[in-house]
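Sequence order for the protein chains is A and B.
Read in order, the letters of the first sequence correspond to residues 37 to 193 in the numbering used here.
Read in order, the letters of the second sequence correspond to residues 678 to 1182 in the numbering used here.
What follows is a set of notes on a single structure, which appears directly below.
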Amino acid sequence: MRFEAVHPGTVAVWRVQTLVGVAVLLLGLVAVFAPLLAGGALALPALGVWGLALLVLAGLGWWGPAAWYRRLRYCLDERGLSVERGLLWRHRITVPRVRIQHSDVSQGPLQRAFGVATLRLYTAGSRFTVTTLPGLDHDTALALRERLLREGDGDAV
Amino acid sequence: MRYENGHPVPERRLHPLSWVFHLAGGLGAMIPLAIAAALGAERGGALWMLVPLVLLGPLAGLWHQWVYRYDYGPEGLLIREGLVFRNLRQIDYRRIENIDTERTLLHRLLGVADVKVETSSGGGAEATIRVLSVAGAEALSEAVFARRRALRGDNGGEDATREPVAAGAAGGAPDNSAPEPLLRLPAGELILMGLIDNRNLFWLGAVIGSLFQVVGVETLERVLGPALRDAGVAYVSQLGLALKIVLVLATVVGVLVVAKLLSVITALVQYHDYTLERNGDDLRARHGLFTRRVVTVRVPRIQVVHRLATPLHRLFRRVALQADLAGGAAEPGQSGGARPLAPICRPDQVDALIDRALPGLDRADPDWRPLSARTRRRLTRLWLWCWALLSLPPALWWWGWPGLAVLPAGLPVALLHGHLYARYTRWALTPDLLLFHRGWLWRRLAVVPRNRIQTVRLARNPFDRRYRMTELEIDTAGGGLAKRRVRLAYLDRDVAARLAGSLLE
């Protein structure tokens, strides 16, 4: 099995998303605690903790997506699509072609700016009904889906 | 149909009045809000504040109508939703089982219809097209089914002639032959079943607990307290230690006896005259003393058969058989998810029943394979760690450093569990089936036909990586419950990879 990496542009998308998330979280904390702590004895230590959290979370937000990207791979063969991912908990899900019920290719505004899209494959299963492959090049995602469905055939349940 | 970079882009639009129905759906939720706003606005003399609120619904409807597109792609029905967050859905023609049209009074007045496209995956429509003109809805249905026929015909599928409506109830007409009885449970078996079943222990606890809640601890104390203090407590404190232990034991035994009695009665009532019979393509179970239940299990829907043996089952030389069903909830008279095939039966009846539930699948002498050779060590260590974490803090708290002595006390159990689990847990692959037997105290055998496997997942957590193991999990269309997951943990890495490969051939 020869696994392929997804579009590198997706790292930037995830970075923006995580950094915005971190910013929202930290600004929210400021909004809640600033009036409580302002002028108090705890203000300075709290600011220190906040700054530390900012550094750590921003570092994670920057480094995490790159590390996650390196572990996200997919492989299309005659049986179906396999997606491998995860840093600590590593998974490889294989969806046989014949099991795919329907599929989505979706793209948000941020993803569009970087030319990536998310492919979702739905099966009739009970636990893993949706298999998500994020970070694909938009055209690749559409082509992948066409190739998956064109050769797939048979009883789906 | 337009093509962009060689990919089809849908172009057909919704009916120009779609926004009305988009509005009608959300209108119910808007009404109380609007009334509240109107009351507030009237008091403030500013009715204009209502204007944006009232406009919100139609604007959302117009937006949806404006950006929504559908079309007939080469492989499947294409649906585009959203413009900013864009989603392009494709539903393969061959998977489409049903196209329903729905018309309320308003729909009929305006000559339009809601169209619901469903595949066999169950759990709601895959796409709801709201709304099309009646002619458009019919055209869509015809276009989809014509393409489906063409695609299925091309591939020589035998269901090319299958009618779309009948497809949901596939499996052929029931033949008129007399039903063939497979299993009958006399009262003796039901009593055994009640004795084995532990569910009532839980119920008894719940009843006693809720009794305390209802009556109230204070009331109980007021009523029983003085009496207990006068007669009981003083008396009990004078008793010897041995007598106290006997008293406690007698109480426990009494509770157990009552629970088992209840359990037996429940089993006798609920499963009175249990008969399982084969009726054409279906399995049909009838049971119940007061409410007579008839449950039909359609054989093609059976995904996994589980054979269960608790310690009590083994004491009485019985097992239980259960089946995981696909979807099912959508069809009346059929419960989705798990069904007991045989609530209790003798081990020698199992093979015949499994043959009926999974017909035409060869189960002859499976070649059983063990788990990884490192399983025993890993499980023993795991149990020792758990034991240490649970027992050490309280032991050190009570006894100080001598408390460390509890640590070796957990060793025999950990060793025993690791050894027995590794010995009794095994798997086998036959041309048609995957068999997985798990556990030594509670034993569960899962029989999975290979053609029911939906996806295969290999997982490695940090511990798995350390022991060079992989966990393989199989997803079928039935069996969402955590207990029924078919999950082969502690496999060697290369074994799991090879198994995953051969499962999908």
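Virtual Cβ for every residue (Gly too), placed ideally from N, Cα, C.
Values in this document were obtained by computation on a predicted structure and should not be read as measured data.
Listing by chain order, which chain A residues have their CB less than 7 Å from the CB of residue 796 of chain B?
Position 119 of the second sequence holds residue 796 of chain B. Near residue 796 of chain B (Cβ distances below 7 Å), the residues of chain A are 137 and 138.
With a Cβ-Cβ cutoff of 9 Å, do residue 1035 of chain B and residue 982 of chain B count as a contact?
Position 358 of the second sequence, counted from the start, is the residue given in the question as residue 1035 of chain B. Position 305 of the second sequence, counted from the start, is the residue given in the question as residue 982 of chain B. Closer than 9 Å, so yes.
Counting contacts by CB-CB distance shorter than 9 Å, is residue 39 of chain A in contact with chain B?
For the purposes of this step, residue 39 of chain A is identified with residue 3 of the first sequence, where counting begins at 1. Chain B contact via Cβ: absent.
So, with DSSP's three-state summary, where would you put residue 1122 of chain B?
Sequence index remark: in the second sequence, residue 1122 of chain B carries index 445 (1-based). If DSSP states are grouped into helix, strand and coil, residue 1122 of chain B belongs with the strands.
Indicate whether at least one CB of chain B lies closer than 9 Å to the CB of residue 143 of chain A.
Reading the first sequence from its first residue, position 107 is the one you call residue 143 of chain A. Judged by the 9 Å Cβ criterion, residue 143 of chain A is in contact with chain B.
Touching or not, the region 973-992 of chain B and the region 916-927 of chain B, by the rule of three or more beta carbon pairs under 8 Å?
no
With a cut-off of 9 Å, does the C-beta of residue 684 of chain B fall near any C-beta of chain A?
The residue given as residue 684 of chain B occupies position 7 in the second sequence. Yes, because at least one Cβ of chain A sits closer than 9 Å to the Cβ of residue 684 of chain B.
Three-state secondary structure assigned by DSSP to residue 137 of chain A:
Your numbering for residue 137 of chain A matches position 101 in the first sequence. Correct three-state label for residue 137 of chain A: coil.
How many angstroms separate the CA atom of residue 1141 of chain B from the CA atom of residue 1150 of chain B?
Sequence index remark: in the second sequence, residue 1141 of chain B carries index 464 (1-based). Sequence index remark: in the second sequence, residue 1150 of chain B carries index 473 (1-based). Each residue's Cα considered, the two are about 14 Å apart.
Along the region 120-131 of chain A, where does the CB come closer than 9 Å to a CB of chain B? Name the residues.
120, 122, 124, 125, 126, 127, 128, 129, 130 and 131
Candidates A:135, A:111 and A:141: closest to residue 764 of chain B by CA position
Along the second sequence, read from residue 1 onward, the residue named residue 764 of chain B stands at position 87. Of the listed residues, the one whose Cα sits closest to residue 764 of chain B is A:141.
Taking the straight line between their C-alpha atoms, what separation do you get for residue 118 of chain A and residue 959 of chain B?
For the purposes of this step, residue 118 of chain A is taken as residue 82 along the first sequence, with counting starting at 1. For the purposes of this step, residue 959 of chain B is taken as residue 282 along the second sequence, with counting starting at 1. When rounded, the distance between both Cα atoms is 36 Å.
Please name the residue, chosen from B:1148, B:926 and B:1095, that lies closest to residue 1139 of chain B on a Cα-to-Cα basis.
As a working note, residue 1139 of chain B is residue 462 in the second sequence. Measuring from the Cα of residue 1139 of chain B, the nearest candidate turns out to be B:1148.
Shorter than 9 Å from the beta carbon of residue 178 of chain A to some beta carbon of chain D?
Absent here is chain D; the protein component of the structure consists of chains A and B.
Is residue 127 of chain A near residue 1166 of chain B, with beta carbons less than 9 Å apart?
Translated into positions along the first sequence, residue 127 of chain A becomes position 91. Translated into positions along the second sequence, residue 1166 of chain B becomes position 489. The answer is no: Cβ separation not under 9 Å.
Consult DSSP for residue 1117 of chain B and reduce its assignment to one of helix, strand or coil.
Taking the second sequence and counting its residues from 1, the one referred to as residue 1117 of chain B is at position 440. DSSP places residue 1117 of chain B in coil when its eight states are reduced to three.
Which residue from B:680, B:1027 and B:731 puts its Cα closest to that of residue 713 of chain B?
Counting from one through the second sequence, the residue named residue 713 of chain B turns up at place 36. Comparing Cα-Cα distances from residue 713 of chain B to each of B:680, B:1027 and B:731, the minimum goes to B:731.
CA-to-CA distance, residue 977 of chain B to residue 789 of chain B, given in whole angstroms
Taking the first residue of the second sequence as 1, we reach residue 789 of chain B at position 112. Taking the first residue of the second sequence as 1, we reach residue 977 of chain B at position 300. The straight-line gap separating the alpha-carbon atoms of residue 789 of chain B and residue 977 of chain B is approximately 37 Å.
Give the residues of chain B in contact with residue 59 of chain A, contact being defined as C-beta atoms less than 7 Å apart.
Numbered from 1 along the first sequence, position 23 holds the residue referred to as residue 59 of chain A. Chain B residues near residue 59 of chain A: none, gap ~21 Å exceeds 7 Å.
Could you tell me which residues DSSP pairs with residue 793 of chain B in its beta bridges?
The sequence position of residue 793 of chain B within the second sequence is 116, counting from 1. Answer by DSSP bridge pairing, in chain order: B:777 and B:805.
Check each candidate in B:826, B:1131 and B:1055 and name the one with the smallest Cα separation from residue 622 of chain B.
In the structure as shown, chain B begins at 678 and stops at 1182. Residue 622 of chain B is therefore absent and cannot be evaluated.
Within a Cβ cutoff of 7 Å, which residues of the same chain sit near residue 836 of chain B, ignoring the five residues on either side of it in sequence?
Position 159 of the second sequence, counted from the start, is the residue given in the question as residue 836 of chain B. With a pLDDT of 43 at residue 836 of chain B, under the threshold of 50, the modelled position of that residue is not reliable, and no figure is offered here.
Are the CB atoms of residue 154 of chain A and residue 165 of chain A within a distance shorter than 9 Å?
On the first sequence, residue 165 of chain A is found 129 positions in, with the first residue counted as 1. On the first sequence, residue 154 of chain A is found 118 positions in, with the first residue counted as 1. One thing to note: residue 165 of chain A has its Cβ no nearer than 9 Å to the Cβ of residue 154 of chain A.
Identified DSSP bridge partners for residue 1182 of chain B
Here residue 1182 of chain B corresponds to residue number 505 of the second sequence, with the count starting at 1. BP columns for residue 1182 of chain B are empty, so no partner.
Please report the straight-line C-alpha distance between residue 692 of chain B and residue 769 of chain B, rounded to a whole angstrom.
The sequence position of residue 692 of chain B within the second sequence is 15, counting from 1. The sequence position of residue 769 of chain B within the second sequence is 92, counting from 1. Going from the Cα of residue 692 of chain B to the Cα of residue 769 of chain B covers about 24 Å.
Determine, for residue 1005 of chain B, whether the minimum Cβ-Cβ distance to residues of chain A falls below 9 Å.
For this step, residue 1005 of chain B is matched to residue 328 along the second sequence. Its pLDDT being 49, under 50, residue 1005 of chain B is placed unreliably by the model, and the measurement read from it follows with that caveat. Not closer than 9 Å to any Cβ of chain A, the Cβ of residue 1005 of chain B fails to qualify, so no.
Could you tell me the distance, in whole angstroms, from the CA atom of residue 949 of chain B to the CA atom of residue 963 of chain B?
The count along the second sequence starts at 1 and reaches residue 949 of chain B at position 272. The count along the second sequence starts at 1 and reaches residue 963 of chain B at position 286. Taking the straight line from one Cα to the other gives about 9 Å.
Output yes if chain B places a C-beta closer than 9 Å to the C-beta of residue 110 of chain A; else output no.
Position 74 of the first sequence holds residue 110 of chain A. So no, residue 110 of chain A is outside the interface.
Would the beta-carbon of residue 130 of chain A fall within 9 Å of that of residue 144 of chain A?
On the first sequence, position 94 is the one that residue 130 of chain A refers to. On the first sequence, position 108 is the one that residue 144 of chain A refers to. The answer is no: Cβ separation not under 9 Å.
Thinking C-beta only, is residue 1046 of chain B closer than 9 Å to residue 1105 of chain B?
Position 428 of the second sequence, counting from 1, holds the residue named residue 1105 of chain B. Position 369 of the second sequence, counting from 1, holds the residue named residue 1046 of chain B. Contact: yes.
Measuring straight from C-alpha to C-alpha, what distance separates residue 71 of chain A and residue 79 of chain A?
In the first sequence, counting from the first residue as 1, residue 71 of chain A sits at position 35. In the first sequence, counting from the first residue as 1, residue 79 of chain A sits at position 43. The straight-line gap from Cα to Cα measures roughly 10 Å.
Using a Cβ-Cβ cut-off of 9 Å, state whether residue 1139 of chain B counts as contacting chain A.
The residue you call residue 1139 of chain B lines up with position 462 of the second sequence. Residue 1139 of chain B counts as touching chain A.
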